[in-house]
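Undergrad: Residue numbers (my numbering): 57 to 177.
Cβ atoms here follow ideal geometry from the backbone N, Cα and C, with glycine treated the same way.
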Amino acid sequence: MTTNDQTVSSFAVHIPDVELEVEPLDPAQIVSGAPVVTGKVLWESADGKQLRGIWQITPGVVTDTEANELFVVVSGRATVEVEGGDTLEVGPGDAAVLREGDRTTWTVHETLRKAYHITLP
């Protein structure tokens, strides 16, 4: 259900029930374990610079370079270490903001599902 802002009306989804699609990880991102990432874009702006969706990762440790993102954890738990910055402990009900270009290491303790809004440059 990817929608474009010019053709969609307001909508609601029950985040735990949304079926997600596999998003293969670059093997170079995997530090330990065998994490699997799934997700679904629910809305994308006409210019492709804003995305809203749901993302999930199973336990393991991965690295990433972040986009400008606000997310809210719906289920699961992880530690997100921001290189040169804070270490974020996130779980159900937590909101977090990641800055464009942040280099992170995600240690996922319990399968984590989040709703997100990303703004691309």
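So, using beta-carbon positions, are Thr121 and Thr167 closer together than 8 Å?
TA: no
Undergrad: Between Gly95 and Leu81, which are expected to be in contact by the criterion C-beta below 8 Å, what is the C-beta distance as a whole number of angstroms?
TA: Not confirmed; about 11 Å, so no contact.
Undergrad: How many Å lie between Asp150 and Trp111 at the Cα?
TA: For Asp150 and Trp111, the distance between alpha carbons rounds to 15 Å.
Undergrad: Report the residue from Ala90, Ser66, Arg159 and Ile174 whose alpha carbon sits nearest the alpha carbon of Gly116.
TA: Ala90
Undergrad: By alpha-carbon positions, which one of His165, Thr161 and Phe67 ends up nearest to Arg108?
TA: Phe67
Undergrad: Per DSSP, Asp120 forms a beta bridge with which residues?
TA: Thr160
Undergrad: Decide if Lys170 is buried, meaning its Cβ has at least 16 other Cβ atoms within 10 Å, or exposed.
TA: The residue is buried, with at least 16 neighbouring Cβ atoms inside 10 Å.
Undergrad: Within 10 Å of its beta-carbon, does Val118 have 16 or more other beta-carbons around it, so buried, or fewer, so exposed?
TA: buried
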